[in-house]
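For what it's worth, this note's numbering labels the leading residue of the sequence shown as 52, then goes sequentially. The beta carbon of each residue, even a glycine, is placed where N, CA and C say it ideally should be. Since the model is a prediction, treat every value here as computed from it, not as a measurement.
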Amino acid sequence: RKVQPSEVSILYPVTLDAFGEEEGSQINGLIGDLVHHPAGAAGALIAAEADGQLVGYVMLSEGILDTPASLLKIGVLGPLAVLKSHQRQGVGRALVGRLLSEAEARKYPLAAIAAAGHVGVTPDVALAALAALRPPGKV
């Protein structure tokens, strides 16, 4: 489901569980900054639930890529967090797939993955997301 900016704090416990107190607090600060940024930097927050419990989320933000020809608006995927009890069960992969669809609907010509936190936690999800990307002109 989509998470509204007014309810972003429901994501914080998932971040702390997935990344630990120190790193999770930093990531939660980043999420808060993006969600409440005047320019609306956080484009979409997608949450996964199981049995009525929030078990994971992923964020899509708008970024700018400086190319030789022009500045290009792109979709930036991340952070991604899944409760430890639900990791390696396809939750992250499903969240990334849903967010790639959201990026495509917003007509971003490119999507990039922002590696916040433990890069090695879900490399298979990151690789699956990259493999799902379509040629330029598509997400």
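Asked                                                                                             : Found
Residue from 142, 139, 129 with nearest C-alpha to residue 81                                     : 129
Pair within 7 angstroms by beta-carbon distance, residue 98 and residue 142                       : no
Simplified DSSP assignment, three categories, for residue 64                                      : helix
Cβ pair residue 113, residue 83 closer than 7 angstroms                                           : no
Distance, residue 163 Cα to residue 178 Cα                                                        : Residue placement at residue 178 is flagged as unreliable, the pLDDT there being 48, under the threshold of 50; the coordinate-derived value follows with that caveat. If you take the alpha carbons of residue 178 and residue 163, they lie about 12 angstroms apart.
Three-state secondary structure assigned by DSSP to residue 58                                    : helix
Which residues DSSP lists as bridging residue 104, in chain order                                 : 101
Range covered by the alpha helix (DSSP H) that runs through residue 150                           : 142 to 156
Cα-Cα separation between residue 121 and residue 136, rounded to whole angstroms                  : 44 angstroms
For residue 67 and residue 107, believed in contact at Cβ under 8 angstroms, the rounded distance : The pair is not a contact, with the Cβ atoms about 13 angstroms apart (cut-off 8 angstroms).
Residue 123: first and last residue of the uninterrupted beta strand (DSSP E) it sits in          : 122 to 133
Beta-carbon proximity check, residue 105 vs residue 61, cutoff 7 angstroms                        : yes
Secondary structure of residue 22, DSSP reduced to three states                                   : Past the boundaries of the shown model lies residue 22; the chain is included only from 52 to 190, so the question cannot be answered.
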